[in-house]
Amino acid sequence: MKKAEVFAAVARKMKDLGFKRRRSNYEYVRERTALWVGTFVGVRCAEIEDRILEWCGDVVPGWDGRSYVATVSMNVGYLTPRAKMLEHRIDLSADSVAEAIAPNISDVTEIGETLRALIGNLRA
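34 is the number that our numbering gives to position 32 of the sequence shown; each next residue is one higher, with no gaps.
Structure (structure tokens):
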């Protein structure tokens with residue numbers, strides 16, 4: 003068996019499955035009309051992050067000195083009464099980006115309002 007024969011067989015099978023070969027890097031990709039997106043929220047504690055940086059230096063994955071690195075993060079679905087992973091299908095052929103991402107934005111705003119009410123009740 004020759005390597006060229008194997009590659010040709012793989013290429014035929016990938017094309018049969020609907021994949022196309024990119025010329026730039028020879029990857030086989032499939033055009034998508036939709037994505038499943040899970041929205042995550044995070045909280046950052048500067049004191050904890052400073053301690054991690056002190057212990058680990060610049061080897062902390064994702065650490066680049068910016069404040070967006072979350073100390074704790076999770077999918078918004080775990081902050082709802084359902085307490086499970088929440089994802090929404092985003093139609094890439096939608097006419098409006100705002101329309102396509104509306105369910106994910108709604109998740110964040112609903113969770114934010116719920117947490118705001120909870121904090122208000124705790125303070126009262």
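Positions of the beta carbon are idealized from the N, C-alpha and C atoms, including for glycine.
Beta-carbon separation of residue i and residue j under 9 Å?
| i | j | result |
| --- | --- | --- |
| Thr41 | Val110 | yes |
| Ile103 | Val43 | no |
| Arg34 | Leu19 | no |
| Leu37 | Arg91 | yes |
| Tyr30 | Ala13 | yes |
| Arg46 | Ala10 | no |
Using the three-state DSSP reduction, which class does residue i fall into: helix, strand or coil?
| i | result |
| --- | --- |
| Lys15 | helix |
| Lys5 | helix |
>> Please give the ranges of any beta strand (DSSP E) in the segment 20-106, keeping only runs that are unbroken, at least 3 residues long and fully inside the region.
In response: 36-39, 42-45, 74-77 and 90-93
>> Whether or not the segment 79-86 and the segment 12-24 are in contact is what I'm after, with contact meaning three or more pairs of Cβ atoms, one per stretch, closer than 8 Å; do they touch?
In response: no
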